[in-house]
Amino acid sequence: MRKKWAPENKHIVGSRPDLPDGVVKSAGRVLQILEYFDEIQRPANVVEISEILKLPQSSTSALLRSLVAMGYLYFDRLARTYMPSCRVALLGNWVNHPLFMGGVALQCMDELQQRTGDAVVLAIRNGVWAQYIHVLQATSMARLQVTRGALRPLAASGTGYALLSTLPDAEVRKICHRINAEARAAGRGAPVATDTLLPTLEDVRRSGYAFTTDLVTPGGAVLAMPLPVTDGGQALVVGLAGISEVQKARRTELIATMRDVLSAHFPAL
Numbered sequence: 001m002r003k004k005w006a007p008e009n010k011h012i013v014g015s016r017p018d019l020p021d022g023v024v025k026s027a028g029r030v031l032q033i034l035e036y037f038d039e040i041q042r043p044a045n046v047v048e049i050s051e052i053l054k055l056p057q058s059s060t061s062a063l064l065r066s067l068v069a070m071g072y073l074y075f076d077r078l079a080r081t082y083m084p085s086c087r088v089a090l091l092g093n094w095v096n097h098p099l100f101m102g103g104v105a106l107q108c109m110d111e112l113q114q115r116t117g118d119a120v121v122l123a124i125r126n127g128v129w130a131q132y133i134h135v136l137q138a139t140s141m142a143r144l145q146v147t148r149g150a151l152r153p154l155a156a157s158g159t160g161y162a163l164l165s166t167l168p169d170a171e172v173r174k175i176c177h178r179i180n181a182e183a184r185a186a187g188r189g190a191p192v193a194t195d196t197l198l199p200t201l202e203d204v205r206r207s208g209y210a211f212t213t214d215l216v217t218p219g220g221a222v223l224a225m226p227l228p229v230t231d232g233g234q235a236l237v238v239g240l241a242g243i244s245e246v247q248k249a250r251r252t253e254l255i256a257t258m259r260d261v262l263s264a265h266f267p268a269l
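For the sequence shown, our numbering gives the first residue as 1, with consecutive numbering after it.
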């Protein structure tokens with residue numbers, strides 16, 4: 001049975017993203033609370049939740065009480081802890097992306113974690129970012145903790161490269177134009193050099209994977225491969241995240257393992 005992860009802040013890679021502009025705070029915070037429970041998979045008290053999500057304790061208490069009243073959380077009065085109810089598990093049960101039918105994507109992630117000991121991430125494109133929508137934490141001794149919901153630059157990260165590799169060059173150019181326009185408007189970051197990026201993406205398409213070290217996180221590495229894109233479906237990428245020096249030494253082994261596992265779960269690859 002996989003060990004449930006408890007947060008160790010000093011080892012976490014990728015800070016929990018702030019709520020995007022335009023999001024109603026109370027709605028966003030409710031979802032952050034549910035996502036946090038999905039990460040830790042155990043009961044938690046109001047102090048822990050308010051600290052990890054950087055919310056005022058009074059606001060956190062009010063939100064938790066509301067979720068209890070609506071039947072989405074269970075409150076243990078003796079332990080003073082909260083836990084999601086079965087009602088949460090039924091939310092979205094009718095939404096079935098083809099890659100999740102039968103749990104194939106999650107089974108693939110489980111096997112990758114068991115065979116490599118590394119953290120396994122599932123990423124999608126979110127605007128000009130690659131976002132980790134699901135994370136299985138590493139079980140090996142040499143490991144980094146990865147934050148679910150973390151954002152990575154679409155044009156400057158391993159998961160981003162893998163996502164962009166599924167798109168035609170014309171679409172990539174449009175995305176780079178948007179990235180550069182937003183960066184100029186915000187007065188931040190160096191512009192993305194499209195003519196440098198496109199050959200990198202061609203290498204990813206040819207090899208079937210993106211491998212980056214120390215690109216976003218100093219000392220961190222990611223090996224990422226795209227999953228089959230279904231008709232009308234959103235592109236998904238699975239990646240192994242770990243320590244740069246360890247992954248560089250294991251690169252050949254990790255690539256072979258990922259190819260073996262993905263081909264077993266996704267014969268279309």
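Virtual Cβ for every residue (Gly too), placed ideally from N, Cα, C. The structure presented is a predicted model; accordingly, all values stated were derived computationally and were not measured.
{"Query": "Under 8 angstroms Cβ to Cβ from Ile124, same chain only, skipping five residues before and after it: list those, please.", "Result": "Ala130, Gln131, Ile133, Leu163, Gln234, Ala235, Leu236 and Val237"}
{"Query": "Going by DSSP, name the residue or residues bridged to His134.", "Result": "Leu122"}
{"Query": "Under 8 angstroms by Cβ, that's how I've got Ala138 and Leu144 pegged, so tell me the actual separation to the nearest angstrom.", "Result": "7 angstroms"}
{"Query": "List in chain order: all unbroken beta strand (DSSP E) runs of 3+ residues lying wholly within the segment 206-252.", "Result": "210-213, 220-226 and 236-243"}
{"Query": "Considering Cα atoms alone, identify which of Val146, Asp118, Pro153 and Ser85 is closest to Asn126.", "Result": "Pro153"}
{"Query": "In angstroms with no decimal places, state the Cα-to-Cα distance between Thr257 and Ala156.", "Result": "25 angstroms"}
{"Query": "DSSP puts Val204 in a beta bridge; with which residues?", "Result": "In the DSSP output, where bridge partners are listed per residue, Val204 has none listed."}
{"Query": "Val121 and Gly239 - do their beta-carbons sit closer together than 7 angstroms?", "Result": "yes"}
{"Query": "From the DSSP output, in three-state form, read off Asp76 for me.", "Result": "strand"}
{"Query": "Should Val216 and Ser165 be called a contact, given that it needs their Cβ atoms to be closer than 7 angstroms?", "Result": "no"}
{"Query": "According to the neighbour-count rule (16 or more other Cβ atoms, all chains shown, within 10 Å of its Cβ), is Asp260 buried or exposed?", "Result": "exposed"}
{"Query": "Assuming Gly208 and Ser244 are in contact, meaning their beta carbons sit under 8 angstroms apart, how far apart are those beta carbons, in whole angstroms?", "Result": "At roughly 21 angstroms, the Cβ-Cβ gap does not stay under 8 angstroms, so Gly208 and Ser244 are not in contact."}
{"Query": "Given this structure, state the Cα-to-Cα distance separating Asp76 from Leu90, to the nearest angstrom.", "Result": "21 angstroms"}
{"Query": "Quick check on the DSSP output: the alpha helix (DSSP H) that includes Arg184 runs from which residue to which?", "Result": "Asp169 to Ala186"}
{"Query": "Could you give the DSSP three-state label for Ala284: helix, strand or coil?", "Result": "Residue 284 lies beyond the residue range present for the chain, which begins at 1 and ends at 269; the question has no answer from this structure."}
{"Query": "Would you kindly work out how many angstroms separate the C-alpha atoms of Asp38 and Thr147, rounded to a whole number?", "Result": "12 angstroms"}
{"Query": "How far does the beta strand (DSSP E) with Thr139 in it reach, from first residue to last?", "Result": "Where Thr139 is concerned, there is no enclosing beta strand (DSSP E), given that its DSSP letter is neither H nor E."}
{"Query": "Arg148 by DSSP, collapsed to three states: which one?", "Result": "coil"}
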